[in-house]
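Here the structure is laid out as structure tokens; the discussion comes afterwards.
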Ligand SMILES: Nc1nc2c(ncn2[C@@H]2O[C@H](COP(=O)(O)OP(=O)(O)OP(=O)(O)O)[C@@H](O)[C@H]2O)c(=O)[nH]1
Ligand SMILES: Nc1nc2c(ncn2[C@@H]2O[C@H](COP(=O)(O)OP(=O)(O)OP(=O)(O)O)[C@@H](O)[C@H]2O)c(=O)[nH]1
Ligand SMILES: [Mg+2]
Ligand SMILES: [Mg+2]
Ligand SMILES: [Zn+2]
Ligand SMILES: [Zn+2]
């Protein structure tokens, strides 16, 4: 509808600007509390000095996430959406001057915690990354297909909790692949560092190439 | 706006019909995977034969939740919203004939997993109940205030996992009370049964009164 069309026009402007400047942008989408910010905390720490990063983070209210991500070597911009349940391309476009001021090569966008609405709004990213924590259950990819079918990368978070849960990892992987054949699945724990090397190496290859 | 106004008109019709028939309805709202369905599984088992219940459950896709809730003594109706990120009053109104056919006194509505959008849509319920799992973190009430400020009851789920988490229960309670002074907090585990007696007793008192 009208809102989506206007959004897509803005998203294309964002996409072109990022491409001209050789910047990779990814749209991290997941439920509230699945560990997006915790993953970015560890990611920024590890990439500092190796790959210049920037972050735009969105929430209905508070700048809690931006404050957690400060001081880790990356420019961070908080958007408070107030009532909106998703970030939109116009908000990203307005933040670009500030967040790209230090020459970032990789832009992480942490969307509002929501498995539904963010999937409908193109932000001009290279692609969407869907996060799913081990504590949420195995059937979420099937129940929320619009996000998972659009995400070439899925991240299973909080793997350190698996011993304490009745959770079937094989079923979860199968559901992810059913909804998005060929999906690339990272399995990691921000808390213990398990699986983080593969995640970090991926971004260094993806965004670290010379312009 | 227009959509909300039409919704509210339908919600008032639902509210009046429930009141005429002495039926209590509650709108369970939370993130995906916070344990709404697990709580209803145990609730329906325990209330069967004591208090007639019914359930309307909403998801983007699948009837997974309705199937989990079958055979527990309550009429269950699944609504698949496809793209919509929340249930609306029109959908509830359309389901009432079927779901109330067995003389239910208590109607649980399990909304689409989403901490944002469902808060904006009145379904004709007595009140909203916000669920928050121990695995989501302490700051969700502050980050998603529209839901938590509208919920006179909050349920902390998955309390059995607390020993394995870095989670500050006092901070979580304080955040809930800050956003909704006087909020009534249940702390329970569907898995172990901890805290379930208080939850069940509450509904028996609430909805078990003679008409
Ligand atoms: N055990 C464990 N807990 C984790 C891990 N990652 C995050 N958490 C916990 O999960 C909770 C939520 O983490 P956040 O990083 O705030 O999640 P989020 O997805 O950014 O949440 P929103 O931005 O509100 O949508 C916090 O209590 C974290 O400590 C992990 O790898 N292992
Ligand atoms: N340890 C523990 N796990 C729980 C508890 N309640 C639910 N879970 C787990 O949490 C996951 C999600 O539970 P669901 O009942 O499907 O959550 P939900 O809120 O209904 O999810 P949606 O309907 O998709 O929004 C499942 O793996 C459950 O086994 C609990 O009390 N303790
Ligand atoms: Mg966050
Ligand atoms: Mg459910
Ligand atoms: Zn939305
Ligand atoms: Zn919505």
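Residue numbers (my numbering), protein chains in the order written: chain Z, 1 to 211; chain Y, 1001 to 1211. Glycine included, each C-beta is placed from N, C-alpha and C at the ideal position.
Curious, which full-length alpha helix (DSSP H) runs of at least 4 residues does the stretch 1153-1203 of chain Y contain? 1169-1179
Helix, strand or coil at residue 142 of chain Z [DSSP, three-state]: Looking at residue 142 of chain Z - three-state DSSP - the assignment turns out to be helix.
According to DSSP, simplified to helix, strand and coil, what is residue 23 of chain Z? coil
Is residue 1138 of chain Y near ligand 3, judged by its Cβ being under 8 angstroms from some heavy atom? no
Is it the case that the Cβ atoms of residue 18 of chain Z and residue 208 of chain Z are separated by a distance below 9 angstroms? no
Kindly indicate the opening and closing residues of the alpha helix (DSSP H) around residue 66 of chain Z. 64-69
Beta-carbon within less than 7 angstroms of residue 195 of chain Z's beta-carbon, same chain only, minus the 5 sequence neighbours each way: which residues are those? Only 159, 186, 187, 188 and 189 meet the Cβ criterion.
If the criterion is Cβ atoms closer than 9 angstroms, does the pair residue 88 of chain Z and residue 127 of chain Z meet it? no
Listed by chain order, which residues have C-beta atoms less than 6 angstroms from any heavy atom of ligand 3? Listed by chain position, these are Z:36, Z:37, Z:65 and Z:110.
When you measure from the CB of residue 112 of chain Z to every non-hydrogen atom of ligand 1, does any distance come out below 8 angstroms? yes
Can you check which of these residues, Z:145, Z:81, Z:124 and Z:180, is closest to residue 6 of chain Z by C-alpha distance? Z:124
For residue 1011 of chain Y, tell me which candidate among Y:1138, Y:1111, Y:1153 and Y:1090 has the shortest Cα-Cα distance. Y:1090
Run down chain Z in chain order and give the residues with a C-beta less than 8 angstroms from the C-beta of residue 1142 of chain Y. 61, 62 and 64
Can you name the residues of chain Y whose CB is closer than 9 angstroms to the CB of residue 55 of chain Z? Going along chain Y, no residue has its Cβ under 9 angstroms from residue 55 of chain Z, so there is no contact; the nearest lies around 16 angstroms.
What would DSSP say about residue 133 of chain Z, mapped onto helix, strand or coil? strand
Beta strand (DSSP E) runs contained entirely in the stretch 62-120 of chain Z, provided each spans 3 or more residues: 75-80 and 106-110
Based on Cα-Cα distance, which residue from Z:146, Z:135, Z:58 and Z:47 lies nearest to residue 105 of chain Z? Z:47
Nonlocal neighbours in the same chain, by C-beta distance under 7 angstroms from residue 1176 of chain Y, ignoring five residues either side: 1141, 1148, 1154, 1183 and 1185
May I ask you to check if the CB of residue 1188 of chain Y is nearer than 8 angstroms to at least one heavy atom of ligand 2? yes
According to the neighbour-count rule (16 or more other Cβ atoms, all chains shown, within 10 Å of its Cβ), is residue 1027 of chain Y buried or exposed? Only buried fits residue 1027 of chain Y, as 16 or more other CB atoms lie within 10 angstroms of its CB.
In or out: residue 9 of chain Z buried (at least 16 other Cβ within 10 Å) or exposed? exposed
Please identify the residue among Z:174, Z:66, Z:32 and Z:3 whose C-alpha is closest to the C-alpha of residue 108 of chain Z. Z:66
Chain Y partners of residue 136 of chain Z, CB-CB under 7 angstroms? Correct list: 1032 and 1033.
Specify which residues have a beta carbon nearer than 6 angstroms to any heavy atom of ligand 6, listing them in chain order. Z:85, Z:117, Y:1085, Y:1086 and Y:1117
Delimiting residues of the alpha helix (DSSP H) encompassing residue 1045 of chain Y: 1036-1047
Residues of chain Y with a CB under 8 angstroms from the CB of residue 146 of chain Z: which are they? Those are 1060 and 1083, listed as they occur along chain Y.
Do the CB positions of residue 1146 of chain Y and residue 83 of chain Z come within less than 9 angstroms of each other? In contact: residue 1146 of chain Y and residue 83 of chain Z (Cβ atoms closer than 9 angstroms).
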